[in-house]
DNA sequence: TGGGAGGGTTGATCTGGGTCAATGCGCCGT
DNA sequence: ACGGCGCATTGACCCAGATCAACCCTCCCA
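Chains as they are written, first to last, in the numbering used here: chain A, 3 to 250; chain B, 3 to 250.
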């Protein structure tokens with residue numbers, strides 16, 4: 003899981019709070035300075051598209067605040083979300099020209115970016131950056147494959163439970179809460195976005211959430227605010243053998 | 003697509019024919035020698051398991067000949083294939099202890115392995131190896147995400163067509179044939195394995211293959227030998243907007 | 001103060017693909 | 001030449017989830 007690979011302690015990488023530490027954890031001071039030089043911020047409003055699939059993408063970076071999604075769309079409009087970007091997540095592919103997916107802000111979003119060319123040059127001269135990036139990419143790959151199991155073999159109910167578990171765990175660990183007991187969080191996605199993530203329709207998502215609520219597995223305050231009184235029960239519903247999903 | 007990132011020309015990396023070129027394309031002679039030193043071969047029979055998920059995995063390597071699959075299994079037996087390893091594909095995660103998935107040989111299999119520790123040490127001192135590995139991992143990540151669209155949003159028929167297209171394209175490019183015209187290849191998987199890949203049952207796989215055959219999209223000689231008279235028609239059936247899938 | 005847009009819920013019905021079950025191969029060993 | 005085993009096909013039936021449709025809630029702006 004991403005969070006465990008390095009500490010989330012605050013550090014001195016300007017005002018982008020978390021993840022660049024991942025890239026530069028072992029950097030010397032002058033390397034940090036070089037990163038500072040090629041760093042800049044971009045803000046987006048909820049609903050805005052960061053990049054379209056196929057567009058030239060001349061930066062890499064990470065989410066400072068807000069949520070973004072990675073989606074693929076077929077010509078007939080069917081869409082599949084392939085990744086959820088939460089604060090501290092990295093976006094972009096060193097060594098690639100175009101974006102492979104649509105990146106869309108689902109809330110107001112601030113990203114901390116590095117121009118790609120100089121970032122790539124740094125990578126070449128600073129081996130542990132490439133290694134750190136390799137670790138992160140392997141994590142993402144594991145998450146994507148975990149999600150393939152969800153998409154290919156789980157029932158609607160299990161899919162919903164899996165998604166709630168992932169978001170809940172992720173939220174809990176960001177706020178460094180223990181995961182054994184009650185968990186509270188806000189859903190960062192509309193029912194439709196959840197459906198796109200899970201390969202379902204929004205109606206099915208809504209029905210299954212209602213069912214989980216009816217059965218006391220979750221409690222809802224409003225449409226988005228979720229309380230999970232017993233996390234292990236949610237995990238059971240998710241059909242998770244391991245102690246939980248990896249995605250994002 | 004993997005194949006385009008480097009040339010598939012034969013080279014001097016011992017008798018493992020292809021992919022290590024990927025790892026060592028820019029290696030100096032002495033680096034190649036160091037790779038030689040930590041290299042060894044392993045053979046498996048069809049059906050044998052290479053590693054179980056969770057096992058300690060102390061090597062990385064690539065497939066020399068034969069086919070292997072990467073699968074995940076839930077406690078109740080539902081399984082999802084998350085990757086297909088064809089000759090030249092890389093397996094293993096530098097910097098990781100255990101295997102994340104079951105790796106199973108579906109045919110007789112020869113792998114060329116490197117002991118992980120020394121390989122990791124080489125990575126640290128030879129930056130372009132980490133970079134090359136990063137590229138390969140990004141390719142795999144793209145492939146996995148492409149497959150998420152297949153699993154989440156495509157119909158059974160589209161799933162089958164997508165799989166045939168991927169295998170066909172891959173086969174054609176290995177034999178360096180053009181892809182525009184007739185394509186002929188052997189299915190490396192049983193119906194059941196195809197089902198596990200596609201998130202279907204083997205009955206549905208069988209029915210859809212029969213349907214594609216009935217309609218002349220594909221021809222079958224025996225159960226496994228496939229002829230695709232018009233590849234673009236197959237791609238249409240796959241619902242592929244892009245010029246085709248990436249997976250594996 | 002009202003209406004309309006964006007989300008969300010719920011019901012009725014339909015259907016693609018799952019499930020269960022029978023049958024059909026080839027191939028191998030004796 | 002004969003069973004038996006692993007794989008594949010095909011049919012009959014069923015059900016989870018899609019589809020279509022009505023309606024609700026809440027926030028925003030005229």
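From the three backbone atoms N, C-alpha and C, an ideal C-beta is built for every residue, glycine too.
Keep in mind the model is a prediction, meaning the values are calculated, not measured.
{"Check": "Is it true that the CB of residue 187 (chain A) sits closer than 7 Å to the CB of residue 117 (chain A)?", "Outcome": "no"}
{"Check": "With 7 Å as the threshold, decide whether the Cβ of residue 84 (chain A) is near any Cβ in chain B.", "Outcome": "yes"}
{"Check": "Using only CA atoms, which one of A:143, A:66, A:50 lies nearest to residue 104 (chain A)?", "Outcome": "A:50"}
{"Check": "Report all residues from its chain with a CB closer than 6 Å to the CB of residue 89 (chain B); omit the five preceding and five following residues, and keep chain order.", "Outcome": "65, 67"}
{"Check": "Using the DSSP secondary-structure output, state which residues sit across from residue 227 (chain A) in a beta bridge.", "Outcome": "A:188, A:223"}
{"Check": "Going along chain A in order, which residues have a C-beta closer than 8 Å to the C-beta of residue 139 (chain B)?", "Outcome": "136, 139, 140, 143"}
{"Check": "Run through DSSP, which three-state label would residue 153 (chain B) get?", "Outcome": "helix"}
{"Check": "According to DSSP, simplified to helix, strand and coil, what is residue 203 (chain A)?", "Outcome": "coil"}
{"Check": "Would a check of beta-carbon distances place residue 123 (chain B) closer than 7 Å to chain A?", "Outcome": "no"}
{"Check": "In three-state DSSP terms, what is residue 108 (chain A)?", "Outcome": "coil"}
{"Check": "In angstroms with no decimal places, state the Cα-to-Cα distance between residue 219 (chain B) and residue 241 (chain B).", "Outcome": "14 Å"}
{"Check": "If you pair each beta-carbon of the stretch 149 to 156 of chain A with each one of the stretch 76 to 83 of chain B, do three or more pairs fall below 8 Å?", "Outcome": "yes"}
{"Check": "Who are the neighbours of residue 253 (chain B) on chain A, taking C-beta pairs under 8 Å?", "Outcome": "Chain B is shown only over 3 to 250; residue 253 (chain B) falls outside these bounds and no answer can be derived."}
{"Check": "What in chain A is Cβ-close to residue 126 (chain B), meaning under 9 Å?", "Outcome": "129, 130, 133"}
{"Check": "Taking the alpha carbon of residue 44 (chain A) as the reference point, which residue from A:106, A:81, A:114, A:102 has its own alpha carbon closest?", "Outcome": "A:114"}
{"Check": "Give me the DSSP bridge partner(s) of residue 2 (chain A).", "Outcome": "The structure shown has nothing for residue 2 (chain A), since chain A only spans 3 to 250."}
{"Check": "Taking the beta carbon of residue 24 (chain B) as the centre, do at least 16 other beta carbons fall within 10 Å, making it buried, or is it exposed?", "Outcome": "Per-residue confidence for residue 24 (chain B) stands at a pLDDT of 47, beneath the threshold of 50, marking its modelled position as unreliable; the derived number appears in the next sentence. Buried."}
{"Check": "Of all the options B:147, B:54, B:40, which has the alpha carbon lying nearest to the alpha carbon of residue 107 (chain B)?", "Outcome": "B:54"}
{"Check": "Within 7 Å (strictly less), CB to CB, does residue 210 (chain B) reach chain A?", "Outcome": "no"}
{"Check": "Where residue 195 (chain A) and residue 225 (chain A) are concerned, what is the direct C-alpha to C-alpha distance, given to the nearest angstrom?", "Outcome": "14 Å"}
{"Check": "Note down the Cα distance separating residue 167 (chain B) from residue 69 (chain A), rounded to an integer number of angstroms.", "Outcome": "35 Å"}
{"Check": "Listed in chain order, which residues of the stretch 66 to 95 of chain B have Cβ atoms closer than 8 Å to some Cβ of chain A?", "Outcome": "72, 74, 76, 77, 78, 80, 81, 82, 84, 85, 95"}
{"Check": "Using 7 Å as the threshold, is the C-beta distance between residue 162 (chain B) and residue 210 (chain B) below it?", "Outcome": "yes"}
{"Check": "Which term fits residue 205 (chain A), buried or exposed, when burial requires 16 or more other beta carbons within 10 angstroms of its beta carbon?", "Outcome": "exposed"}
{"Check": "Is the CB-CB distance between residue 101 (chain A) and residue 173 (chain A) below 7 Å?", "Outcome": "no"}
{"Check": "Use the C-beta contact count for residue 216 (chain B): other C-beta atoms within 10 angstroms, 16 or more gives buried, fewer gives exposed.", "Outcome": "exposed"}
{"Check": "Can you name the start and end residues of the beta strand (DSSP E) that residue 45 (chain A) belongs to?", "Outcome": "41 to 46"}
{"Check": "Restricting to Cα atoms, I'd like to know which of B:87, B:83, B:165 is closest to residue 111 (chain B).", "Outcome": "B:87"}
{"Check": "In the DSSP assignment, the alpha helix (DSSP H) including residue 127 (chain B) goes from what residue to what residue?", "Outcome": "118 to 127"}
{"Check": "Give the residues from the stretch 153 to 164 of chain B that approach chain A closer than 7 Å (Cβ to any Cβ), ordered along the chain.", "Outcome": "153, 154, 155"}
{"Check": "Check whether the Cβ of residue 24 (chain B) lies closer than 7 Å to any Cβ atom in chain A.", "Outcome": "Reliability fails at residue 24 (chain B), whose pLDDT of 47 lies under 50, so the model's placement of it is uncertain and the value that follows must be treated cautiously. Chain A contact via Cβ: absent."}
{"Check": "Using three-state DSSP, classify residue 24 (chain B) as helix, strand or coil.", "Outcome": "Any reading at residue 24 (chain B) needs caution, since the residue's pLDDT is 47, under 50, leaving its predicted position unreliable; the model's value is listed next. Residue 24 (chain B): helix per DSSP, three-state reduction."}
{"Check": "Just to make sure I have the definition right: I need the residues of chain B whose C-beta is within less than 7 Å of the C-beta of residue 102 (chain A). Which are they?", "Outcome": "144"}
{"Check": "Kindly indicate which three-state DSSP category residue 170 (chain A) falls into: helix, strand or coil?", "Outcome": "helix"}
{"Check": "Please list the partners that residue 241 (chain A) has in chain B, where partner means a Cβ-to-Cβ separation under 7 Å.", "Outcome": "76"}
{"Check": "What does the Cβ neighbour count give for residue 184 (chain A), buried or exposed, with the cut at 16 atoms within 10 Å?", "Outcome": "exposed"}
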